[in-house]
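Have a look at the structure below, then the notes.
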Amino acid sequence: MCGFRLFREIVALHQSHPQATKLSIIGYSAGGLIARQAIALLDQGGYFGEGKLTPLNFVTVASPHCGIRRNPKLLSGRILNQLLGPLSGFMAGDTGRELALMDGGL
């Protein structure tokens, strides 16, 4: 949802300022995931290319691109995965399930 809102904001800004063609995005923590989704939507929508937006930089800091699961080879990792997975889904809904890698993937 947030990635889609960022996507719409970028498109609206580009439409109102067509001379601005270079795009850099920086995201921190979950903001990195939001930025990544917005970039994917821009790419799917055909907004990158000749005479369109030019992506320059995509920077994320402390973003959980690989989810929040712990190393299952360690006892502490297995315990945390068992506790955090369901708890993440309960507290953060679909986003929590996705971060805990419990959503079934693509």
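For the sequence shown, position 11 (counting from the first letter as 1) is numbered 11 according to the UniProt record's numbering, and the numbering increases by one without interruption. Just so you know, even glycine gets a beta-carbon here, dropped at the ideal spot from N, CA and C. These figures come from a predicted structure and were not determined experimentally.
Integer-rounded CB distance, given that residue j should sit under 8 angstroms from residue i
i: I25; j: F48; result: 12 angstroms between Cβ atoms; not a contact.
i: A40; j: G27; result: Wrong, their Cβ atoms sit about 13 angstroms apart, outside the cutoff.
i: S88; j: G96; result: 3 angstroms
Among the options, the one whose alpha carbon lies nearest that of residue i
i: residue 107; options: R5, I34, A100 and L23; result: Here the chain comprises residues numbered 1 to 106, so residue 107 is not present and cannot be evaluated.
i: L56; options: F7, Q15, K22 and A12; result: K22
i: G67; options: A30, M1 and H14; result: A30
i: L6; options: S88, R97, A20 and L33; result: L33
i: L42; options: A62, E98, G93 and F4; result: F4
i: H17; options: E98, L53 and Q37; result: L53
For residue i, the first and last residue of its enclosing beta strand (DSSP E)
i: I26; result: K22 to Y28
For residue i, three-class secondary structure by DSSP
i: N57; result: strand
Terminal residues of the alpha helix (DSSP H) in which residue i lies
i: I68; result: No alpha helix (DSSP H) contains I68, which DSSP labels as neither H nor E.
i: F7; result: C2 to S16
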